[in-house]
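Sequence positions in the sequence shown follow numbering that gives the first Met the number 0 and run 0 to 225.
Each residue gets a CB set at the ideal place from its N, CA and C atoms; glycine is no exception.
Below is one structure; the comments refer to it alone.
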Amino acid sequence: MSTGLSWGNAFPADESAIATKLLMQAWSQLASSPGTEFTAELSEPKLTDILCEHLKSISEGTGRLTGRWGQENPSGKIDPAKGKRLTSYRTDIEYFSNRSTPVLKLVYEFKKIDGANARSLTKYWGPDGMGRFIEGDYAIKQPVVFMAGISVSPKETCVGKLKAVLESKRCDALGWRDASARTVAPSRSFPKEAHFDTEHLRPAEKLPSAGYVRICHLFVDFPEAS
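Here it is, written out as structure tokens:
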């Protein structure tokens with residue numbers, strides 16, 4: 000992994016690269032297995048639940064990951080003075096390790112994407128997709144996060160259509176760090192796994208020390224959609 004940023008030791012690069020590569024490999028194993036029921040007909044929550052359980056079962060065998068995988072982890076904000084929950088949400092998949100300093104926390108948000116369906120593109124970049132890492136409460140103060148597009152039509156078509164939408168006026172409000180260069184390819188952080196990066200400003204209380212968040216865009220698919 001090459002961050003392309005002056006983050007110093009703010010992000011444990013080696014372990015994040017191993018974890019992300021394993022996630023992509025785990026998806027391929029499940030989707031390409033003969034007779035698999037891991038198909039596009041399953042809902043996003045079911046797909047990510049199965050994927051995460053598979054990651055848990057194969058992760059120890061790598062011998063190089065010290066953390067743990069989790070899915071649908073509940074998080075949110077509370078008002079300690081009132082003993083009251085203010086917000087609540089659940090992330091798709093997380094990888095967490097406190098064996099390094101700083102603590103490593105990787106958040107992967109999955110969204111089905113169909114190059115022929117504009118609504119699926121909107122869900123990907125909208126408030127329940129990328130927006131969760133920008134204005135929302137996902138991965139607060141984390142420098143690198145992940146969107147994972149589940150391609151249900153040819154992957155390259157999905158990627159091309161999504162990049163075109165991100166460059167359009169429809170996405171002007173996504174807090175771009177540099178609106179003149181919205182998509183960065185190859186990925187600066189994960190050139191082998193991610194198709195491209197986007198970089199965004201967040202509200203001050205959610206910003207990482209780098210001053211912006213980098214979203215690395217992964218894409219997975221099914222053999223029948225290729």
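- Unbroken beta strand (DSSP E) stretches of 3 residues or longer found wholly inside the segment 106-186: 143-150, given in chain order.
- Remark: C-beta atoms of SER167 and CYS157 do not approach each other more closely than 7 Å.
- The three-state secondary structure of SER32, taken from DSSP, is coil.
- Take the alpha-carbon of ASN116 and the one of TYR123: they are about 11 Å apart.
- Only residues of its own chain outside the window of five on either side were considered, and among them LYS205 have a CB closer than 6 Å to the CB of ILE139, listed in chain order.
- For the 7 Å CB-CB criterion, THR47 and GLN70 form a contact.
- By the C-beta density criterion, GLY66 is buried, having at least 16 other C-beta atoms within 10 angstroms.
- Between the C-alpha atoms of PHE132 and ILE17 there is a straight-line separation of about 22 Å.
- Ranked by Cα distance from VAL219, the options SER15, LYS20, GLU14 are led by LYS20.
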